[in-house]
Structure formats: C-alpha cells, structure tokens
Amino acid sequence: MKWILIALVSLNLALFGFQYWSSTQEDGGTEETLSATLNNLELTASQQARFEQVGKSTPKKEPEKVLQCIRITGLKEGDSYSVVESRLAALEVSSEKRVVKQLSNTDYQVLLGPFVSQEEARTKLEEVKASGVESYVITSGQHANSLSLGVFSSLENANRRRDELFTMDISATVYENKRYIDAAILEIDAQSAALISDESISGMLSEFDGAKFIRFNCN
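Residues in the sequence shown are numbered from 174 upward in steps of one, following this note's numbering.
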C-alpha cells in the first residue's frame, strides 16, 4: 500500500511538471510571435543574408527596346524625292512613298468683278485703264470674267491697294489664293531605320530646303 501511494505521488509530480513545462513553452512562443509582430516581422541576420543572395542571383529583366521608324517630309515630287529615294536605295534602306498636297504659299489678289461675260469684262477693262490702273481680264478658272488689279504676298498690301482703288471709284475685292504642290513623304520601317544614322539622313537632306525627318515609335 505504501509503495502504491509513493508511485501515485511520483506520477502526479511528473504530470504536473510536464504541464508546467508545456505552458512555459507556449508562453515563450507567444512572446516571440508578439515580438516579431511588434517589430514589423524583422528578418533575422541569416534570413536577410539568404534573401540578399536570392536577389543577387535573380537576373534583371532588360527593358524592351522600342521600335522606331523614320518619316521624311518636305520632298518635292519629281525633284528632291527622286534623289533621296535613290540615295536610300544605294544604302539598301527600303522606303515607302506617299504623295500629299502641301501648302506652298498664299497670295492675295485684288479683283473687280466677275462680270456676266468676257465681253463685258473687256469693256470694263478699258474704263479701268483710262483711270491709269493696270489690269487684265481673267479668262478661266474660279475668277473667270473678272479683272485682276494686282497680286500681293501679304493681306495688308492687298487691302492697301483696294483702299487706293476705292478713292478712284473702283470697288475691288481682295481674294485669298492658296497654292499647293505635290509633296512626297517617305517612310522607313524599323528594320531599315536601324541601318542608317541620323547624321547620314541629315547629310542627304541638307541640300533641299524644307526637307526634314523624324524618328517615331512604330505601331
């Protein structure tokens, strides 16, 4: 009986000791977790070194190269265009042509009329000449059967001439004329554009007034 009591006491002591040990281990783990949370989950020195090593060994992704084409403008059809195209071909640089209408210049014309017929316009022409004003009859186009009393490069000068004629009892009108030419645009694709430098293009365009080029991102 005595030995049974001793065994039970020993067993209780062992169980109590185990429970106490378990509780201290859980508390310790909780404290460590809490500490890590409060310190923004700071990494240990070994973990930090491991992450740094991974970062160094990870290859950096190179930025993608943007493909650029070339557009040449300001070329005149049948003139500078042919020269530039042949020079590009000699360098084995292929190009594609587009022809567009391009404003060349604007002038301002002082007109009297139009009249019902060319005969009436000629009669009025004699009256105008008798006043000492040089003129001629326009026989075709938008202003057919009108009298031209002068062409000027600026609106200011054209208006001045109109006002002078008004003092002579000649009621003229100023019209704006836009002059267009056929202009060629050359476009060079990305593959060919990579074969020629900006200096080379500038050199072949330098002798042509108004000719210029740009590089732009291809679609």
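Where a beta carbon is used, it is the ideal one built from N, C-alpha and C, also for glycine.
When DSSP labels each residue in this structure, what does residue i get in the three-state scheme?
i    : result
Q241 : strand
S375 : helix
S321 : strand
T296 : helix
A357 : strand
T203 : Unreliable positioning characterises T203 in this predicted model, as indicated by a pLDDT of 49, which lies under 50. The coordinate reading is nonetheless provided below. It is helical.
F288 : coil
S253 : helix
So residue i and residue j are supposed to be a Cβ contact under 8 Å. How far apart are they, rounded?
i    : j    : result
V310 : Q291 : 7 Å
Y353 : L276 : 6 Å
V289 : L320 : Contact flag wrong, Cβ pair sits at about 13 Å.
V256 : D355 : Not really, about 16 Å apart at Cβ, beyond 8 Å.
A363 : C391 : 5 Å
Less than 8 Å between C-beta atoms, sequence neighbours within five positions excluded: which residues of the same chain meet that for residue i?
i    : result
I369 : I243, L261, L264, V266 and I361
S379 : none
S373 : L264
L248 : Y254, V257, A356, A357, I358, L359, F381 and A384
I343 : L285, V301, S304, V306 and L322
E293 : N318
Go through its chain and collect everything with a Cβ distance to residue i's Cβ below 7 Å, but skip five positions before and after it.
i    : result
S326 : D280
T203 : Only weak support exists for where T203 lies, its pLDDT of 49 falling under 50; the coordinates are left without a value.
T312 : Q291
F386 : I243, R244, I245, I374 and L378
N332 : V347
N278 : R352
Apart from the five residues on each side of it in sequence, which residues of its chain come closer than 6 Å, Cβ to Cβ, to residue i?
i    : result
D334 : The sequence given here places Arg at residue 334; Asp does not occur at that position. Closer than 6 Å at the Cβ level, and outside the excluded window around R334, lie V283 and G323.
E269 : E360
S208 : Note that S208 has pLDDT 47, beneath the 50 cutoff, so the model's placement of it is unreliable and no number is given.
R388 : Q241 and I243
F381 : S253
K274 : Y353
(request) May I ask you to verify whether the stretch 239-246 touches the stretch 352-363, counting CB pairs closer than 8 Å and requiring at least 3? (result) yes
(message) With a threshold of 8 Å, are at least 3 pairs of Cβ atoms found where one atom belongs to the stretch 277-288 and the other to the stretch 311-318?
(response) yes
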